[in-house]
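Heads up: the sequence shown runs through residues 13 to 170, numbered per the numbering used here.
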Amino acid sequence: MRVLFVCLGNICRSPTAEGMLRRQLEEAGLADRIEVDSCGIGSWHAGKAPDVRAQAAAASRGLDISAQRARQLEDDDFIRYDYLLAMDHDNLAALEARRPGGVEAHLGLFLAFAGLPERAVPDPYYGGDEGFETVLDLVEAASNGLVAELRRRLERDA
Ligand code: 4NP
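The structure is reproduced here in structure tokens:
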């Protein structure tokens, strides 16, 4: 199974989500069953490492996201991935607008898996460091819920 996280620039929120899910899948013993990647709606930061503030916030929780490189969403992603999970409503609207006909992948908000009232991960790019802590809190909760969903699905499909 394959999961793709989608935000605007692919340098703050979706790389954080990718790093968090990778670690949680390793802890759950599911890392070899599920492929994880992230991308951006925009291309401005393609080829770049995550924002230094996102790297520092992730490192403070033991996550190393420094090796990731940003890329833009591609049409093939709708075929390749089973879950395309958007960080906010704008990202989801952009995904839905680009979805080719006949695609069965799940398109939705990542935070739907969090069991929290929040529905969107706020864009931290133009804010202060506390925004990056909020991203980590929300992403950690949603990632936990997503691991549970993926585990149920793997068991159901087994
Ligand atoms: P991200 O944050 O979507 O979480 O990676 C942003 C990064 C860059 C920009 C906007 C949001 N930007 O406008 O360049």
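Glycine residues also receive a C-beta, built at the ideal position from the N, C-alpha and C atoms.
Open item on the list: Does the contact criterion of 3 or more C-beta pairs under 8 Å hold for the region 35–51 versus the region 125–136?
Closed with: Not touching, per the Cβ criterion.
Open item on the list: Suppose contacts are defined by Cβ-Cβ distances below 7 Å. Is L3 in contact with L119 by that definition?
Closed with: No answer is possible for residue 3: it lies beyond the span of the chain, which begins at 13 and ends at 170.
Open item on the list: Let me confirm a value: D100 is counted as buried when at least 16 other C-beta atoms fall within 10 Å, else exposed. Which label applies?
Closed with: In summary, D100 is buried, with 16 or more beta-carbon neighbours lying within 10 Å of its beta-carbon over all protein chains present.
Task: Beta-carbon contacts of A40 that lie in its chain and below 8 Å, excluding the five residues immediately before and after - done: Counting only Cβ-Cβ distances below 8 Å, and skipping sequence neighbours, we find V159 and R163.
TODO: Please check the pair G59 and A82, which I expect to be a contact at CB under 8 Å, by giving their CB distance rounded to whole angstroms.
DONE: Rounded to the nearest angstrom, the Cβ distance from G59 to A82 is 6 Å, consistent with a contact under 8 Å.
Task: Residue range of the unbroken alpha helix (DSSP H) whose run includes A105 - done: In this chain, the alpha helix (DSSP H) harbouring A105 covers H101 to R110.
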